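Read through the structure below, which is laid out as C-alpha cells, and then see the notes.
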Amino acid sequence: MTDTQDLEALSVNAIRFLAVDAVEKARSGHPGMPMAMAPLAYLLYREAMRHNPLDPAWPGRDRFVLSAGHGSMLLYAVLHLTGYPLPLEEIQRFRQWGSKTPGHPERGHTPGVEVTTGPLGQGLATAVGLALAERKLAAEFNRPGHTVVDHYTYVLASDGDLMEGVSGEASSLAGHWRLSKLIVFWDDNRISIDGSTDLAFSEEVLLRYRAYGWQTLRVEDANDLRALRHALRLAQMDERPSLIAVRSHIGYGSPKQDSPKAHGEPLGPEAVAATRERLGWPYPPFAIPEEVYRHMDMRAQGKAWQEAWERALEAYARAYPELYQELLRRLQGGLPPLPEEPPAFEKPLATRAASGKVLDLLAPRMPELLGGSADLTPSNNTQAQGMEDFSPENPLGRYLHFGVREHAMGAILNGLNLHGGFRAYGGTFLVFSDYLRPALRLAALMDTPTVFVFTHDSIALGEDGPTHQPVEHLLSLRAMPNLWVIRPADAHETFYAWQVALRRQEGPTALVLTRQAVPLLPREKAKGALRGGYILEDAEEPEGILLATGSEVHLALQARALLAARGRRVRVVSLPCRELFEAQPEAYRLEVLPPGLPVVAVEAGASLGWERYAQRVVGLDRFGASAPYPEVYERLGFTPERVAEALLDLLV
14 MTDTQDLEAL
24 SVNAIRFLAV
34 DAVEKARSGH
44 PGMPMAMAPL
54 AYLLYREAMR
64 HNPLDPAWPG
74 RDRFVLSAGH
84 GSMLLYAVLH
94 LTGYPLPLEE
104 IQRFRQWGSK
114 TPGHPERGHT
124 PGVEVTTGPL
134 GQGLATAVGL
144 ALAERKLAAE
154 FNRPGHTVVD
164 HYTYVLASDG
174 DLMEGVSGEA
184 SSLAGHWRLS
194 KLIVFWDDNR
204 ISIDGSTDLA
214 FSEEVLLRYR
224 AYGWQTLRVE
234 DANDLRALRH
244 ALRLAQMDER
254 PSLIAVRSHI
264 GYGSPKQDSP
274 KAHGEPLGPE
284 AVAATRERLG
294 WPYPPFAIPE
304 EVYRHMDMRA
314 QGKAWQEAWE
324 RALEAYARAY
334 PELYQELLRR
344 LQGGLPPLPE
354 EPPAFEKPLA
364 TRAASGKVLD
374 LLAPRMPELL
384 GGSADLTPSN
394 NTQAQGMEDF
404 SPENPLGRYL
414 HFGVREHAMG
424 AILNGLNLHG
434 GFRAYGGTFL
444 VFSDYLRPAL
454 RLAALMDTPT
464 VFVFTHDSIA
474 LGEDGPTHQP
484 VEHLLSLRAM
494 PNLWVIRPAD
504 AHETFYAWQV
514 ALRRQEGPTA
524 LVLTRQAVPL
534 LPREKAKGAL
544 RGGYILEDAE
554 EPEGILLATG
564 SEVHLALQAR
574 ALLAARGRRV
584 RVVSLPCREL
594 FEAQPEAYRL
604 EVLPPGLPVV
614 AVEAGASLGW
624 ERYAQRVVGL
634 DRFGASAPYP
644 EVYERLGFTP
654 ERVAEALLDL
664 LV
C-alpha cells in the first residue's frame, strides 16, 4: 500500500467510526448506511466535488443531496472532517436537543446541508429541481469564454428512495429534460427494514432508469475507489442524467453486516468492539488521527476554487455588466420593482382567471419567475402570455410541463427555489394538494418560498362531483406550520395575494382560487388583503360580524343586505389569509374582530378550526355532490338566507 492509499483507507474508516460512535452515544440512529457508503462520501467531498467549507453557500459549488437522510451521520462526519463549521462536540451531540446534528439533515440548521431529507424519495426529486436550476441559469447567463454557472448535483439514494413513487416521477422528468449534470449514486445494499429487498422489490432498476432516458452504470464493490472514480468520470461525460448502482454491504465490517439490524439501531458495545478489531481501528470513540484531519481538510482548496470563480465572475462583469448585475440580484434573492396596483378588471372573474392575468403582468417584469402545472395549464391559468415552454432544445423557456406528476412537481419546485436565481410556482387542483403534500410540508420546514397555485377550490366545482370537490383541504393546509394559505375573494384580492406570496421569503404560500366567476370588490378596499383580513363593509355600531373567505365573501355580502333590510347592523370581514392576519398587531386584529361581537364564519369547507374566530359556522362537514354548482350550493345550505339566519340566531 502507498502512503496515499493508507490515508484513503484511514479517512474512510474515520467517516465510518464517527458515525458508529455518534449513533452509539445517542443510543439512536442508523449506522449501517454510513458504514457502507463511507468510501463514496470520501470520494465526493475529498476529490470530486467543488465546495468550500469556509462558505457553504458559495453559489458556484457542486451540490450534494443525501436523499437517504436516515444516514445523516455519513454527511455530518464528512462535513466535520473536511472543515465545515461543525465541531466534534456537535458530532458527539448527535440527535440531542439543540445540536447541529439532528436525526435527519435539515437545511438551514447544519452548515453544508443543501436539502432537508428523510422522507424517502424527496431528496432525489428535489435534486432534480436543483439540476434544472443549474441548466436554466447556465443557458441564460453563460456566454462564450465566460462560464459562470457550471456545477453538478450529486445524490446518494437508497433502495427505499427508488421504491417511493415520487422518485420515479421526478426521474422520468429528469430523463425527459436530459439533465446531464445530475448524478445519482444508488446504495444497492439489498436490505430494508423488513429484511431483504426481495420481499417487495424485484424489478430491474437499471432497466427502468434506462427507459427514463438515463445513463446507467454499475460498481460492484462500494469499497473500490478506483471503480467509483471511473464510473463518476463516465457520468460526467454523458449528456444524460446518470444512475450509478453501487453494490454495498450495510453495516460493513460489523457482525451485523448485511442484516436489517444494521439499519436503524446502534450496533451495541460488543459489536462496536468487534468492528474496530475487524477494520483495524484502534482509536477510542471520537478520536481521529491528526493525519486524517490534514488529509481531509478542504478549506484551502475550497477557498481557491471560490476565488477562481470570483475572478471569472469579475471578468464576466467587465464583459457583460448588465447580465452580471441581473445574475447577482437573482442569486441574492432580491425582487425587481413589481406593480403595486392591480390591472383593470372590469367584470366578474374567476380568481384562477384573475391569477392568470396577474401572471401576465408579472412575468415580463420578473425574469426569475417560472412555473408550470401538473397537466392542468388551461384550468390553472398558470402560463403567462409570452412564457415559452421549457425543453432540452429551449432551456430558456420559463414554463414547465410536469405532466400528471403533482408529487414530483412540488419537490422540483422546491429544488428550483432552494438553488437560487428563480422564484418557482406550480399549479394543480386543490383536491390534488394531497398528492404533493410531502413536498409542501418540506417547503414549510425548509422556509422555502415556493408558491403553490391551487384552483377549483370548493364544491363550486359542480358537475365533477365529490372526487374533485375539496372539503377538508383548507383545514388541513392551515394546520401546517409556516404555510400561508390565501383564499382571495375576487380579482383584486388575487392580485394582492400574489404580492404577498412573492414578497414572502420565509416559507411557502398556497393560493387557493375559484373555478367560477365572482363579482369584483372595490379596489381600494380589497387592498386590505395585504393584512390578511380587513373590514370590507361596516355599519355604525355593528351588532354582529359575518366573516368569510373566497367566493363565500359575496355570500356574506348578500346576507348582510338581507339583514340590513331588517334593520340589523352587520359588519362583513374578508379573511383571505389567517396566517397573515395573525401576524398583524393585536390592536389591528381587535379592531377588525372586536371581542364581544357575535361572529358567523362562512366557508364552503370543513367547519373545524373556525371556532377560533366564530361562535357559529356555515361550513361543510360532508362530501359534496355532482350537479351544477348553483344547485350544489343551494342544496348544501350555502345561501344568503341561511347565513343571515345563522347570525340572527346569535343576535336574539
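For the sequence shown, my numbering assigns the number 14 to the initial residue and increments by one for each residue that follows. Note that the Cβ used here is the ideal one computed from N, Cα and C, for glycine as well. Keep in mind the model is a prediction, meaning the values are calculated, not measured.
How is the alpha helix (DSSP H) around residue i delimited, first residue to last?
i    : result
R491 : 486 to 491
Y329 : 312 to 332
L570 : 565 to 578
R602 : 599 to 605
L23  : 16 to 39
V179 : 178 to 190
T129 : Where T129 is concerned, there is no enclosing alpha helix (DSSP H), given that its DSSP letter is neither H nor E.
M48  : 45 to 56
Can you tell me where the beta strand (DSSP E) holding residue i begins and where it ends?
i    : result
R231 : 228 to 232
F670 : A question about residue 670 goes unanswered here, because the residues of the chain that appear run from 14 up to 665.
W199 : 195 to 201
Y167 : 166 to 171
L79  : 76 to 79
V613 : 612 to 615
E468 : One point to set straight first is that residue 468 is Thr, not Glu, in the sequence displayed. Note, T468: beta strand (DSSP E), 464 to 468.
According to DSSP, residue i sits in a beta bridge with which residue or residues?
i    : result
F214 : Bridge partners of F214: none, in fact.
G520 : Answer is none; G520 lacks a bridge partner.
H159 : R156
L649 : Answer is none; L649 lacks a bridge partner.
G208 : S205
D402 : Y412
Y670 : With the chain covering 14 to 665 only, the question about residue 670 has no answer from this structure.
W497 : T522
G557 : V583
R260 : D201
L383 : A437
L633 : Answer by DSSP bridge pairing: none, since L633 is not bridged.
Within 10 angstroms of its Cβ, does residue i collect 16 or more other Cβ (buried), or is it exposed?
i    : result
M14  : Only weak support exists for where M14 lies, its pLDDT of 42 falling under 50; the value from the coordinates is given anyway. Classification of M14: exposed, given that the 10 Å Cβ count is below 16.
K360 : exposed
H43  : buried
V168 : buried
W110 : exposed
I522 : Note on residue identity: the sequence assigns Thr, not Ile, to residue 522. Looking at its Cβ environment, which holds 16 or more other Cβ atoms inside 10 Å, T522 is buried.
A235 : buried
N407 : exposed
E37  : buried
L409 : exposed
Q18  : exposed
R573 : buried
I28  : buried
H567 : buried
A90  : buried
S171 : buried
Whole angstroms are fine: how far does the CA of residue j sit from the CA of residue i?
i    : j    : result
D163 : A151 : 7 Å
S471 : A363 : 13 Å
T11  : R579 : What the structure shows of the chain is the stretch from 14 to 665, and residue 11 is not part of that stretch, so it cannot be assessed.
A614 : D174 : 43 Å
R148 : W318 : 21 Å
E217 : S80  : 20 Å
I301 : L31  : 8 Å
Y547 : P555 : 15 Å
M62  : T507 : 44 Å
A138 : T166 : 12 Å
V645 : T480 : 14 Å
A146 : H432 : 7 Å
L526 : H469 : 6 Å
K274 : R203 : 13 Å
E565 : A617 : 7 Å
V464 : A35  : 38 Å
P352 : A366 : 18 Å
G384 : A569 : 34 Å
A424 : L453 : 8 Å
Smallest Cα separation from residue i: which of the options?
i    : options                : result
L94  : R63, A457, Y58         : Y58
T533 : L560, P501, G557       : Thr is not the amino acid found at residue 533; the sequence shown has Leu there. Nearest C-alpha to L533: P501.
A248 : W227, L20, E658        : W227
E199 : E233, R516, N26        : A small correction: the amino acid at residue 199 is Trp; Glu does not occupy that position in the sequence shown. Nearest C-alpha to W199: E233.
M46  : G369, A286, E278, S639 : E278
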